[in-house]
């Protein structure tokens with residue numbers, strides 16, 4: 306939690322709400338907050354002011370941009386009915402992305418095609434409307450080359466949707482330079498916006514205004530109207546990214562998100578995301594080296610690519626047995642990682658492929674490294690605790706093997 | 306703002322987030338919070354535990370339930386293609402409701418039909434799929450008889466969607482007794498959840514589980530999955546209302562909403578919503594009587610019905626000129642109401658109809674009476690201030706005639 310957050314949240318609650326009441330929608334800028342926080346997030350992802358809004362959840366924003374991409378693809382189809390009947394994504398993409406895409410495919414009579422990372426290039430054919438990828442994989446920490454993948458998609462006339470959940474604030478992102486089409490991301494990971502913080506959405510300005518498609522984005526709520534306080538019964542979308550707003554936003558949580566984004570922007574005079582990236586790679590390099598040196602012989606594998614260009618800001622270890630309990634034992638020692646279960650349904654048919662495919666079935670221990678405030682001594686201490694958990698066998702105790710509702 | 310809110314919000318931020326970090330998803334019940342707060346809201350609207358979730362915005366929830374209603378109507382259409390091609394709503398319904406319905410109609414090849422209140426009964430024909438109404442009109446304060454209107458819709462095989470934005474916590478609502486089909490509502494009006502508090506959604510249990518319609522609710526995010534932490538690539542909806550969740554929710558704002566709902570539930574031993582309704586009617590009766598007695602001769606009209614059964618917990622006055630400035634002058638005196646512009650586009654063709662139709666074109670001064678904490682002396686004082694504003698002519702000063710972004 307950023308140090309500034311408790312006081313700022315208290316100010317919104319006690320002063321702006323408790324004393325100034327609904328006047329704060331104007332006086333304290335509540336109504337403009339999604340755009341104001343969006344403009345700040347834009348600086349972290351290679352977007353311009355007025356191109357991002359902080360609003361809703363990642364899943365809801367994904368529904369908006371996937372709908373828009375599908376509607377644009379249909380409207381721009383040459384000569385009659387649309388022949389692009391597929392959305393391509395990664396089988397190990399974060400599930401909510403796949404669920405939202407599946408729902409939209411069912412509705413539009415399209416097909417969701419799930420492939421392994423190394424199969425993406427071959428899957429970009431003329432019958433594909435949209436390529437939807439998460440920039441940094443939640444399960445492996447592997448990162449796509451956004452510009453190269455986008456160029457390959459565009460060469461086939463395919464639009465791209467990028468989920469930045471594990472990259473905004475974690476790695477340098479340059480959406481405009483990569484010529485991406487749409488992006489969404491969450492506020493509660495590397496942006497430190499607090500539990501369930503509002504998410505964000507970006508649309509390349511070339512797609513933002515389509516007078517021929519007033520309902521391109523079907524969550525056409527009043528905050529996306531060109532003049533919401535005229536209260537007219539007919540919908541006329543606002544220009545630019547504002548049409549990607551829908552309903553009234555949770556102001557207290559948005560204020561907390563702004564504090565998190567501000568901490569990242571405070572690093573701009575010191576080199577910003579480029580400097581943070583250097584530190585991030587040094588942290589994850591050190592973690593990998595120390596785990597391999599000090600925890601050898603315990604059956605740990607590495608799911609995250611060693612190549613810098615393919616790595617996000619997390620390191621995922623694999624283990625055949627006990628991953629869940631090891632994470633619980635580490636949490637009890639103050640080292641808070643995530644456990645992600647291996648999923649037999651994403652197991653590849655061929656078990657002899659490259660490592661990125663094999664990790665699907667194995668349980669994962671995930672360690673995130675927020676370069677803004679995680680230090681090298683934290684890395685050393687985390688590995689030391691992991692070593693002690695493994696060597697002592699304490700993870701086999703019953704209390705570490707009890708499952709929670711949320712793991 | 307409820308007295309309990311600042312301390313509870315500070316606890317979530319400083320203790321649960323700042324100290325206990327992601328462990329709070331289990332330990333402090335963050336993950337279950339939409340259901341927990343939903344169960345509490347259920348007690349205010351005639352629903353049972355497990356039938357309501359507090360989540361997303363009213364507009365997003367409306368998209369979910371309208372989609373579900375349209376998908377159910379299509380699936381249940383006898384013998385081939387659906388003949389029900391219309392959604393009926395009120396022309397003066399809150400605009401976001403109309404925008405969302407318009408977007409869905411465009412997508413489904415259906416027609417949104419807007420009528421005046423007195424035309425609803427005649428509009429319920431065999432080609433209508435869904436009747437979507439706001440229980441208490443935001444512009445006039447007029448309240449529909451939910452059970453009677455629902456019965457009339459059902460008699461023609463039409464599903465009902467109710468927006469409770471101006472009724473939850475303001476008037477007694479009994480969704481189950483009225484045999485309503487779907488309902489949504491907001492958390493930031495009479496529920497006192499704070500600025501932009503999360504909204505809620507209810508679905509009649511008879512419609513909640515449809516194994517034949519896994520994407521009945523197309524915002525199929527991971528929080529609506531039967532087992533979100535299994536991270537499987539295929540969507541399987543959770544039973545009951547849980548499938549109406551989509552993405553991760555803003556926990557800080559949800560905690561504030563719970564404080565607001567708790568203040569209403571604290572009135573249960575004293576008679577609950579029935580007792581609050583008696584006080585609400587006494588407050589609005591007094592306000593109407595005092596305005597007519599003390600502010601006569603200033604051209605004020607009454608948009609809100611005098612009949613108790615047709616009145617929500619607000620009183621809307623009309624004025625041909627100066628409504629905006631009068632509201633601003635009142636706010637400067639500490640009486641905080643709303644201005645709502647008359648909209649020429651909702652002007653009826655015939656100007657000689659009953660009063661409920663004529664108010665469409667006139668500017669509105671809206672006064673909300675939260676029976677939980679607004680007292681009779683507040684009503685007296687508000688009318689006294691209104692009288693002074695009108696008699697002094699101070700509302701004509703330039704500073705009260707400057708328009709804000711949000712009015």
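Chains as they are written, first to last, in the working numbering: chain A, 306 to 712; chain B, 306 to 712. Cβ atoms here follow ideal geometry from the backbone N, Cα and C, with glycine treated the same way. All values reported here derive from a predicted model rather than from experimental measurement.
Under 7 Å Cβ-Cβ, which residues of chain B neighbour residue i?
i	result
residue 310(A)	318
residue 375(A)	The contacting residues do not exist; residue 375(A) stays about 11 Å from chain B at best.
residue 549(A)	Residues of chain B passing the Cβ test: none, with the nearest at roughly 13 Å.
residue 335(A)	500
Under three-state DSSP, which class holds residue i?
i	result
residue 482(B)	coil
residue 624(B)	strand
residue 439(B)	strand
residue 542(B)	strand
residue 335(A)	coil
residue 744(B)	A query on residue 744(B) cannot be resolved here, the shown segment of chain B reaching from 306 to 712 and no further.
residue 681(A)	helix
residue 688(A)	helix
residue 612(B)	coil
residue 394(A)	strand
residue 669(A)	strand
Let me confirm a value: residue i is counted as buried when at least 16 other C-beta atoms fall within 10 Å, else exposed. Which label applies?
i	result
residue 385(A)	exposed
residue 435(A)	buried
residue 332(B)	exposed
residue 413(A)	buried
residue 374(A)	buried
residue 618(B)	buried
residue 517(A)	exposed
residue 500(A)	buried
residue 409(B)	buried
residue 540(A)	buried
residue 558(B)	buried
residue 532(A)	exposed
In chain A, which residues lie less than 9 Å from residue i when you measure between Cβ atoms?
i	result
residue 675(B)	Those within 9 Å of residue 675(B) in chain A number zero; the least Cβ separation is about 12 Å.
residue 396(B)	538
residue 530(B)	400, 401, 404
residue 346(B)	Under the 9 Å cutoff, chain A gives no residues; its nearest Cβ is about 16 Å from residue 346(B).
For residue i, I'd like the list of residues in its chain whose CB is within less than 6 Å of its CB, leaving aside the five on either flank, ordered along the chain.
i	result
residue 706(A)	630
residue 350(A)	473, 478, 480
residue 356(A)	347, 507, 546
residue 430(B)	none
Quick one: list the residues of chain B neighbouring residue i, beta-carbon separation under 9 Å, in chain order.
i	result
residue 507(A)	Within 9 Å Cβ-Cβ: nothing; residue 507(A) doesn't reach chain B, min ~17 Å.
residue 499(A)	317, 318, 322, 555, 556, 557
residue 713(A)	Residue coverage of chain A in this structure runs from 306 to 712, which leaves residue 713(A) outside it and unanswerable.
residue 306(A)	318, 319, 322, 323, 324, 326
Using a Cβ cut-off of 8 Å, pull out every chain A residue sitting near residue i, in sequence order please.
i	result
residue 552(B)	361, 362, 363, 364, 365, 401, 504
residue 314(B)	314, 315, 318, 557
residue 419(B)	538
residue 561(B)	318, 557
residue 636(B)	328
Sorted by chain position, which residues of the same chain lie with C-beta nearer than 8 Å to residue i's C-beta, five sequence neighbours on each side aside?
i	result
residue 593(B)	607, 609, 611, 620
residue 515(A)	377, 380, 521
residue 708(B)	629
Take residue i and list the residues in its own chain whose beta-carbon comes closer than 7 Å to its own, dropping the five residues that flank it on each side.
i	result
residue 334(A)	341
residue 548(A)	522, 529, 542
residue 657(B)	Because the pLDDT of residue 657(B) is 33, which lies under 50, any placement of that residue in the model is unreliable, and the number read from its coordinates should be weighed accordingly. Within the same chain, residue 657(B) has no close Cβ partners at all.
residue 570(B)	345, 348
Give me the chain B residues within the contact set of residue i, using Cβ-Cβ distance strictly less than 8 Å, ordered along the chain.
i	result
residue 493(A)	553
residue 520(A)	407, 408, 411, 412
I want to verify the contact list: residues of chain A whose CB lies under 7 Å from the CB of residue i, in sequence order.
i	result
residue 355(B)	None at all; the shortest Cβ gap to chain A is about 16 Å.
residue 645(B)	536
residue 641(B)	326, 327
Handout entry: Inter-stretch contact (C-beta, 8 Å, three-pair minimum) for the region 676 to 686 of chain B and the region 619 to 631 of chain B
Key = Contact between the region 676 to 686 of chain B and the region 619 to 631 of chain B is not established, with fewer than three Cβ pairs separated by less than 8 Å.
Practice task
Flag this pair as touching only if the region 432 to 449 of chain A and the region 463 to 477 of chain A have three or more C-beta atom pairs under 8 Å; answer yes or no.
Solution key: The region 432 to 449 of chain A, when compared against the region 463 to 477 of chain A, does touch it at the 8 Å Cβ threshold.
Exercise for the section: Taking 8 Å as the threshold, find out whether the region 317 to 333 of chain A comes into contact with the region 319 to 328 of chain B through three or more Cβ pairs. Expected result: No, the region 317 to 333 of chain A is not in contact with the region 319 to 328 of chain B.
Practice task
Taking 8 Å as the threshold, find out whether the region 359 to 367 of chain B comes into contact with the region 546 to 563 of chain A through three or more Cβ pairs.
Solution key: Touching, yes.
Problem - Cβ contact (3+ pairs, closer than 8 Å) linking the region 418 to 433 of chain A and the region 589 to 605 of chain A - result: Contact between the region 418 to 433 of chain A and the region 589 to 605 of chain A is absent: fewer than 3 CB-CB pairs across the two stretches fall below 8 Å.
Handout entry: Three-pair Cβ contact test at 8 Å for the region 486 to 494 of chain B versus the region 459 to 467 of chain B
Key = Contact holds: three or more Cβ-Cβ distances are below 8 Å.
Exercise for the section: Please determine if the region 690 to 701 of chain B and the region 634 to 646 of chain B are in contact, where contact requires at least 3 C-beta pairs separated by less than 8 Å. Expected result: At 8 Å Cβ cutoff, the stretches touch.
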